[in-house]
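Report on the following structure.
Protein chains: 2
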Amino acid sequence: MTRPTSRDVASAAGVSQATVSLVLGGKWRGRVSERTAGLVREAAAELGYRPNLAARNLRLGSTRTALLVVPALTSEFFARVYTGAARVASDHGFGVVLYPSPEGIGPARDPFPSARAALDGVIASSMAADALDAIGGAELPLVMLDSDPADGRAAARVNLAMADGVRQVAEHLLGLGHRRFLHFAADVDSWTFDVRAEALAAVVPPHAELRTVRAPLSVPDARTAMEAALAAPGERPTAVVCDDDLLAAGACKAARRLGLRVPEDLSVTGFDDLALATAVEPELTTVRLPAEQVGEQGMSALLAVLDGSGWTAPDIPVDLVVRGSTAPPPAA
Amino acid sequence: MTRPTSRDVASAAGVSQATVSLVLGGKWRGRVSERTAGLVREAAAELGYRPNLAARNLRLGSTRTALLVVPALTSEFFARVYTGAARVASDHGFGVVLYPSPEGIGPARDPFPSARAALDGVIASSMAADALDAIGGAELPLVMLDSDPADGRAAARVNLAMADGVRQVAEHLLGLGHRRFLHFAADVDSWTFDVRAEALAAVVPPHAELRTVRAPLSVPDARTAMEAALAAPGERPTAVVCDDDLLAAGACKAARRLGLRVPEDLSVTGFDDLALATAVEPELTTVRLPAEQVGEQGMSALLAVLDGSGWTAPDIPVDLVVRGSTAPPPAA
DNA sequence: CGCGTCTAGTTATACGTATTACCCCGGCGG
DNA sequence: CCGCCGGGGTAATACGTATAACTAGACGCG
Chain A
0 MTRPTSRDVA
10 SAAGVSQATV
20 SLVLGGKWRG
30 RVSERTAGLV
40 REAAAELGYR
50 PNLAARNLRL
60 GSTRTALLVV
70 PALTSEFFAR
80 VYTGAARVAS
90 DHGFGVVLYP
100 SPEGIGPARD
110 PFPSARAALD
120 GVIASSMAAD
130 ALDAIGGAEL
140 PLVMLDSDPA
150 DGRAAARVNL
160 AMADGVRQVA
170 EHLLGLGHRR
180 FLHFAADVDS
190 WTFDVRAEAL
200 AAVVPPHAEL
210 RTVRAPLSVP
220 DARTAMEAAL
230 AAPGERPTAV
240 VCDDDLLAAG
250 ACKAARRLGL
260 RVPEDLSVTG
270 FDDLALATAV
280 EPELTTVRLP
290 AEQVGEQGMS
300 ALLAVLDGSG
310 WTAPDIPVDL
320 VVRGSTAPPP
330 AA
Chain B
0 MTRPTSRDVA
10 SAAGVSQATV
20 SLVLGGKWRG
30 RVSERTAGLV
40 REAAAELGYR
50 PNLAARNLRL
60 GSTRTALLVV
70 PALTSEFFAR
80 VYTGAARVAS
90 DHGFGVVLYP
100 SPEGIGPARD
110 PFPSARAALD
120 GVIASSMAAD
130 ALDAIGGAEL
140 PLVMLDSDPA
150 DGRAAARVNL
160 AMADGVRQVA
170 EHLLGLGHRR
180 FLHFAADVDS
190 WTFDVRAEAL
200 AAVVPPHAEL
210 RTVRAPLSVP
220 DARTAMEAAL
230 AAPGERPTAV
240 VCDDDLLAAG
250 ACKAARRLGL
260 RVPEDLSVTG
270 FDDLALATAV
280 EPELTTVRLP
290 AEQVGEQGMS
300 ALLAVLDGSG
310 WTAPDIPVDL
320 VVRGSTAPPP
330 AA
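These protein sequence lines are chains A and B, in that order. Count the first sequence with numbering that gives the first Met the number 0 and you get residues 0 to 331, in order. Count the second sequence with numbering that gives the first Met the number 0 and you get residues 0 to 331, in order.
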C-alpha cells in the first residue's frame, strides 16, 4: 500500500519509466507520440501518481523553495508580504516557507531542521537580521526587504519609499498648522526606522519643534511610554508622528487617559495602515504600505537572481491615507 | 565551489563514506573507534559539511516535516498556534510549514508545489476545510484543530473548551443583571462557531431574550452589521456576546456611532483575547484562548500518530478575562 | 540501393544519503 | 594449528527521479 512511483505508471501504461518522466515533465514535444502521452497520463491519473519530491530535488539539485524570514508571524504586514511572495512563487513552480524570528521558540533551537539546507534562496526582512544569522543562509542567494543599501550581503533589494511617506505625513501636519511635533519611534534596531527618523528631521522646518520618544512595538508599551511623555512638563506637542499603527493606537489611548481628545487636542498619525487603523476610534491617519507588492517584488528579485540575471527596481511608493486622527492644532 | 558531500568529508578524514554517515548519524557505538569518529567530526566541521536533505529524505522516505493548514495568515491566533507547533516540532527534529487558505492566492494555484507531497503529516484548523481539500492531503495522517468529533478524517483531534468559554461569558453577564442578549456571530461556516451558538442558547435562561446577528470576521463589516442591528426597532439588547474580538471591536464602534456608551449603555464581550482586545477603548472583556498550547498539542498528537501510538487528551480549558467593556445594564 | 534524417521511444546513469551485508585482522579457546 | 569471535571498518545497494546517450524502424532522396 505504498505510493506509486513513475515506474509503476510506466508498467501500467506499457512504456518505460523515462517516457513517463518525459510526458509528465512536459518535455515530450516531438519525442513521444500523442497517443502514448495520453496513455501515460491516463495511467498516472488512474494510479493517483504524484512525483516524489525528495527524489526530484535530489536529481535537480534544486528544491524550488524560498525561505521568507520575518521578524514576527503575528505581523499583519508580513502576512501580506508572504501572500504576495507566494503568489509569484506559485506562478513559477516555487514554494515559500516562513521562518519567523526565533523569539519565543528559543534562540538555540532551529525551527527548520528539515528545511534549512533544502532551500534555493532567502528573502529576509531587515528587521530580522539576527534570525538571518541564525540560519547561516549566507551561502544562499539573499534578497533583503527594506534594508540599508550599504549592507553588502544582499544580491538584490526591495525597498519602500519610507522617507517619502514620512515626508507626506509631515507636510500634511504642517499644512494643518502644526509646529510642535513628537516623533513616536519604534524601539527596534532597524535601518527602516532610522530612515524615518532622518526623513522627519529633514522635513520639519527649523522654526518648528521636534522631540522623540521611543517604545517597543506593542499597544500597551506604547500607551505607557506616551502617557509619561504627554504628562511631562513643558509645552505639549500638538502632533504625534508614529512609526507604526500600533504605536499610534497606544498614543491615542494615552491621550484619552490624560483627558486629551484626538484629534481636537492632539493629532496622531500612524504608519503601515494595519487593520487596527480602522478598528480604533477615531480611525487613524496613516501611511499605506503596499505589502503584497513588497512580497511580489521580493520573490521576483529572487527568481531573477537565481536565474543569473540582475534585478533592480525603484523604491515602491507609499501613500498617505487621511482619516480622523488629524486636525488643525488647538487655537490656544 | 559546490557544497561538500559526505564523500568529501570521508576522503578528507581518510575513511569511507559509510563511516561518515555512521558517525554523523550517531549510530556508531561499537562500530567505529572513538579516534576515527573524532577525525570525521573534525573534517566535517572543517569543510562546513551539511547533509543534503533531499537525499536523506529520499533514502528515509520521510521528510520530517508537517504542514499546518490555517484559514488566514493574518490571524494572530494561528500565528500563536504555529509558534507552539514549531516549538514541539523542533524538539523532535521536525519542521513545520504553513499553508494558508488559498484565499487571495487564487483557488486554482497551489502555493506548495514543492512541499505538497513532501510531507509526513498535516495539522489543520477546521476553519480551513476547503484548503484542506485542495491539498488532497487525505492520504496523510491528519490532526484537526477544534473540529467536529463526528468528522472521521482526523486521526487525532485537539479541541478547545469553547462551550465552556461561552458559558463563562454568559454567567458573567447574567451575574451583572443582563437579560436581553444579542449573539454577534461570525459569518463563517465552521463547527467551532456552531458550538458557541449552541452553548450560548443552552445557558441563557428561558425568561431571558436572545437574538442573533451575523457578520464576516472584520471590523468594518462588523461595525456596519451591528449599526443596523442596534438601530432596529424594538427593545435594544443590553449585552452583545461576540464570537471574536474583531466583531466586538466593530460592535463597540457601532455603539459609539449611535451615541451609546460602552459599557454603561451596552456591554460587549469578545473572544480570543487578541492584541486588539487591549488596543481599543474600553479594553474588551473577552475569553483567552491558549493558542500556543493548541499548537503544541497538535504537533504532539501528530508525532504520536506517526509513531503509531494513539493520542487523546481532554479539551484545553479557556478563561474569561474581565476588562472594561462589561458592566451592569442601564437602570432603565 | 545506400545514406542521412526524423520519429518514438529505451537504456543507463547520477544525484547524496543510510544501511545491510560483508571483510579483514588480532586474539583466544580448544 | 585451526576455528571462531568481535572490534573496526568498507563495499555495495536502494530510494525515485530527470536526462543524456543511444537505437530501431520508417521514410525521403540522390
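Built from N, CA and C at the ideal position, the CB exists for glycine as well.
Quick one: Cα of residue i to Cα of residue j, how far?
{"i": "residue 267 of chain A", "j": "residue 56 of chain B", "result": "53 angstroms"}
{"i": "residue 46 of chain A", "j": "residue 16 of chain B", "result": "37 angstroms"}
{"i": "residue 185 of chain A", "j": "residue 75 of chain B", "result": "20 angstroms"}
{"i": "residue 20 of chain B", "j": "residue 54 of chain A", "result": "19 angstroms"}
{"i": "residue 295 of chain A", "j": "residue 82 of chain B", "result": "25 angstroms"}
{"i": "residue 325 of chain A", "j": "residue 172 of chain A", "result": "8 angstroms"}
{"i": "residue 110 of chain B", "j": "residue 3 of chain A", "result": "Interpretation of residue 110 of chain B is limited by its pLDDT of 47, a score under 50 that renders its predicted location unreliable; no figure is taken from the coordinates."}
{"i": "residue 118 of chain A", "j": "residue 50 of chain A", "result": "19 angstroms"}
{"i": "residue 152 of chain A", "j": "residue 67 of chain A", "result": "16 angstroms"}
{"i": "residue 175 of chain B", "j": "residue 162 of chain A", "result": "51 angstroms"}
{"i": "residue 226 of chain A", "j": "residue 283 of chain B", "result": "20 angstroms"}
{"i": "residue 148 of chain A", "j": "residue 311 of chain A", "result": "12 angstroms"}
{"i": "residue 329 of chain A", "j": "residue 323 of chain A", "result": "15 angstroms"}
{"i": "residue 290 of chain A", "j": "residue 79 of chain A", "result": "5 angstroms"}
{"i": "residue 344 of chain B", "j": "residue 320 of chain A", "result": "The structure shown has nothing for residue 344 of chain B, since chain B only spans 0 to 331."}
What is the DSSP secondary structure of residue i, counted as helix, strand or coil?
{"i": "residue 189 of chain A", "result": "coil"}
{"i": "residue 48 of chain A", "result": "coil"}
{"i": "residue 413 of chain A", "result": "No answer is possible for residue 413 of chain A: the residues shown for chain A start at 0 and end at 331."}
{"i": "residue 314 of chain A", "result": "coil"}
{"i": "residue 206 of chain A", "result": "coil"}
{"i": "residue 250 of chain A", "result": "helix"}
{"i": "residue 182 of chain B", "result": "strand"}
{"i": "residue 62 of chain B", "result": "coil"}
{"i": "residue 319 of chain B", "result": "strand"}
{"i": "residue 82 of chain B", "result": "helix"}
{"i": "residue 328 of chain A", "result": "coil"}
{"i": "residue 261 of chain B", "result": "coil"}
{"i": "residue 31 of chain A", "result": "coil"}
{"i": "residue 22 of chain A", "result": "helix"}
{"i": "residue 211 of chain A", "result": "strand"}
{"i": "residue 332 of chain A", "result": "Any question about residue 332 of chain A goes unanswered here, given that chain A covers just 0 to 331."}
{"i": "residue 307 of chain A", "result": "coil"}
{"i": "residue 151 of chain A", "result": "coil"}
{"i": "residue 217 of chain A", "result": "coil"}
{"i": "residue 89 of chain B", "result": "helix"}
{"i": "residue 198 of chain A", "result": "helix"}
{"i": "residue 6 of chain A", "result": "helix"}
{"i": "residue 226 of chain B", "result": "helix"}
Measure the CB-CB distance between residue i and residue j and report whether it falls below 8 angstroms.
{"i": "residue 275 of chain B", "j": "residue 245 of chain A", "result": "no"}
{"i": "residue 199 of chain A", "j": "residue 239 of chain A", "result": "no"}
{"i": "residue 124 of chain B", "j": "residue 190 of chain B", "result": "no"}
{"i": "residue 120 of chain B", "j": "residue 85 of chain B", "result": "no"}
{"i": "residue 223 of chain A", "j": "residue 247 of chain A", "result": "no"}
{"i": "residue 155 of chain B", "j": "residue 142 of chain B", "result": "yes"}
{"i": "residue 221 of chain B", "j": "residue 249 of chain B", "result": "yes"}
{"i": "residue 337 of chain A", "j": "residue 35 of chain A", "result": "Because chain A in this structure spans residues 0 to 331, residue 337 of chain A falls outside the shown range and cannot be described."}
{"i": "residue 8 of chain B", "j": "residue 278 of chain A", "result": "no"}
{"i": "residue 160 of chain A", "j": "residue 315 of chain A", "result": "yes"}
{"i": "residue 72 of chain A", "j": "residue 52 of chain A", "result": "no"}
{"i": "residue 288 of chain B", "j": "residue 140 of chain B", "result": "no"}
{"i": "residue 187 of chain A", "j": "residue 216 of chain A", "result": "yes"}
{"i": "residue 212 of chain A", "j": "residue 183 of chain A", "result": "yes"}
Mind checking who residue i pairs with in its DSSP beta bridge?
{"i": "residue 143 of chain B", "result": "B:123, B:156"}
{"i": "residue 99 of chain A", "result": "A:69"}
{"i": "residue 268 of chain A", "result": "A:240, A:284"}
Just to check, is the beta-carbon of residue i closer than 7 angstroms to a non-hydrogen atom of the ligand FMN?
{"i": "residue 284 of chain A", "result": "Absence of the ligand FMN from the depicted structure is noted, as is the absence of any ligand whatsoever, leaving it without description."}
Margin query: Pairs of beta-carbons, one from the segment 200 to 213 of chain B and one from the segment 264 to 280 of chain A, closer than 8 angstroms: are there three or more?
Written below: no
Next item on the list: Decide yes or no for the touch test of the segment 250 to 258 of chain B against the segment 23 to 40 of chain B: beta carbon pairs closer than 8 angstroms, at least 3 of them.
Entry: no
Note to self: Would the segment 292 to 311 of chain A count as touching the segment 163 to 182 of chain A if we require 3 or more Cβ pairs under 8 angstroms?
What the structure shows: no
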